[in-house]
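*Asks:*
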Amino acid sequence: MKQLKEVAVDLLFPPCCVGCGVRGDFICASCQAALPRLKLPLCTKCGKSISSGILCSDCASRFLDIDGIRSVFRFEGTVRQSILQFKYKNVKAMATPLAQLMGQYLRAHPLPADALVPVPLHPRRLRERGYNQSFLLAGELSKLTSLPIAEKSLVRLKNTPPQTRTKSAAERHRNIARAFICRDRRLRGKRILLIDDVCTSGATLNACAVALKAAGAASVWGVTLAREVW
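Each step along the sequence shown adds one to the number in our numbering, with nothing skipped, and position 51 is 182.
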């Protein structure tokens, strides 16, 4: 019944490409081919584009608990508009094509994983928005990868200000420190893929990794659709 409703909605209101406006898909094939990729080389830890070397200056000077972060695109252009509509305009159907892009990346660049963990929202933020975009992405990725979702294992304790309002990487790490807890011992010994929409500095993903490893996770890698370039 749900699938029939979705088909009916698509027939009456076919999606339009966020990039060019052509009807048919949220991101048409032409616009997909032009999506902004991160420039190589990448920091082997946080996945940020760097001019040379192995680590960026931030990762070279700061220990991170997370094993690594990988992002598919730069947070600009059509990718940025797609995420903003998905995240703030209630276009939840965008989860499917965006997760497919993440799935394509993971097939080409496999990471160790036994379970998917979406970055949680604080309950107040979840009530305001009505849904967690990271959980929707993880749900679609689970269908593509056959990896189970540990939905309620990781909990956000603090309703911190958005990371975009902070002015530096150090401030972002302070803002999000000890904001998460994992009480689920079923993740002990598991290799976790943390799923989120955008990586700004990696502070949120690292704070999640701290909580997951304190609960016994064997490894934690972060995967996001896009990354801020700064």
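Glycine included, each C-beta is placed from N, C-alpha and C at the ideal position.
Source: prediction; values computed, not measured.
#1: Just how far apart, CA to CA, sit P228 and G184?
#2: I'd like to know whether the C-beta atoms of L173 and V248 end up nearer to each other than 8 Å.
#3: Rounding to the nearest angstrom, what Cα-Cα distance links C148 and D156 in this structure?
#4: Which whole-angstrom value describes the C-beta separation of V351 and I323, a residue pair presumed to lie in contact below a C-beta threshold of 8 Å?
#5: At which residues does the alpha helix (DSSP H) containing I214 begin and terminate?
#6: For V351, list the residues DSSP reports as bridge partners.
#7: Quick check: what's the CA-CA separation for S213 versus A165?
#8: What are the boundary residues of the alpha helix (DSSP H) that R154 is part of?
#9: In the structure shown, what three-state DSSP assignment does S284 receive?
#10: What first and last residue would you give for the alpha helix (DSSP H) that runs through G234?
#11: What are the residues that DSSP puts in a beta bridge with A357?
#12: Short of 7 Å in beta carbon distance, which residues of its chain neighbour R154, apart from the five on each side in sequence? Order them along the chain.
#13: Rounded to whole angstroms, how far is the Cβ of K344 from the Cβ of D245, which I believe are closer than 8 Å?
#14: Which residue marks the beginning of the alpha helix (DSSP H) containing L267, and which one marks its end?
#15: Expressed to the nearest angstrom, what Euclidean distance is found between the alpha-carbon atoms of R211 and V222?
#16: In chain order, what residues of the same chain have a beta carbon less than 7 Å from the beta carbon of K170, not counting five sequence neighbours either side?
#17: What residue range is occupied by the uninterrupted alpha helix (DSSP H) comprising C162?
#18: Give the single residue among C330, F311, I307 and G347 whose Cα lies nearest to the Cα of R319.
#19: At a cut-off of 7 Å, would you count H240 as near the ligand PLP, judging by its Cβ distance to the nearest heavy atom?
*Replies:* In short, the structure shows the following:
#1: Sequence index remark: in the sequence shown, residue 228 carries index 97 (1-based). Sequence index remark: in the sequence shown, residue 184 carries index 53 (1-based). Distance between the alpha carbons of P228 and G184 is about 34 Å.
#2: Along the sequence shown, one-based indexing puts residue 173 at 42. Along the sequence shown, one-based indexing puts residue 248 at 117. Against a cut-off of 8 Å, the Cβ pair of V248 and L173 comes out as no contact.
#3: Counting from one through the sequence shown, the residue named residue 148 turns up at place 17. Counting from one through the sequence shown, the residue named residue 156 turns up at place 25. Taking the straight line from one Cα to the other gives about 5 Å.
#4: Stepping through the sequence shown from its first residue, residue 351 is reached at position 220. Stepping through the sequence shown from its first residue, residue 323 is reached at position 192. That pair is a contact at about 5 Å.
#5: Locating residue 214 in the sequence shown gives position 83, counting from the first residue. Per DSSP, the continuous alpha helix (DSSP H) segment holding I214 begins and ends at G208 to Y219.
#6: As a first step, residue 351 must be located in the sequence shown, where it is residue number 220. According to DSSP, which records beta bridges pairwise, V351 is partnered with I323.
#7: Translated into positions along the sequence shown, residue 213 becomes position 82. Translated into positions along the sequence shown, residue 165 becomes position 34. Straight-line Cα distance between these residues: approximately 14 Å.
#8: On the sequence shown, position 23 is the one that residue 154 refers to. Run containing R154: none; DSSP gives neither H nor E here.
#9: For this step, residue 284 is matched to residue 153 along the sequence shown. Coil at S284, not helix or strand.
#10: Reading the sequence shown from its first residue, position 103 is the one you call residue 234. For G234, the enclosing alpha helix (DSSP H) has its first and last residue at A226 to A239.
#11: One-based indexing of the sequence shown puts residue 357 at position 226. Paired residues: F204 and V329.
#12: Here residue 154 refers to the residue found at position 23 of the sequence shown. Counting only Cβ-Cβ distances below 7 Å, and skipping sequence neighbours, we find P145 and C147.
#13: Taking the first residue of the sequence shown as position 1, residue 344 is located at position 213. Taking the first residue of the sequence shown as position 1, residue 245 is located at position 114. Not confirmed; about 14 Å, so no contact.
#14: As a first step, residue 267 must be located in the sequence shown, where it is residue number 136. Boundaries of the alpha helix (DSSP H) harbouring L267: Q264 to T276, taken from the DSSP string.
#15: Within the sequence shown, residue 211 is the residue found at index 80, counting from 1. Within the sequence shown, residue 222 is the residue found at index 91, counting from 1. Going from the Cα of R211 to the Cα of V222 covers about 14 Å.
#16: Sequence index remark: in the sequence shown, residue 170 carries index 39 (1-based). Excluding positions up to five away in sequence, the list reads S180.
#17: Along the sequence shown, read from residue 1 onward, the residue named residue 162 stands at position 31. A160 to A164 is the extent of the alpha helix (DSSP H) around C162.
#18: Within the sequence shown, residue 319 is the residue found at index 188, counting from 1. Considering only alpha carbons, the answer is G347.
#19: Among the components of this structure there are no ligands whatsoever, and the ligand PLP is therefore not found.
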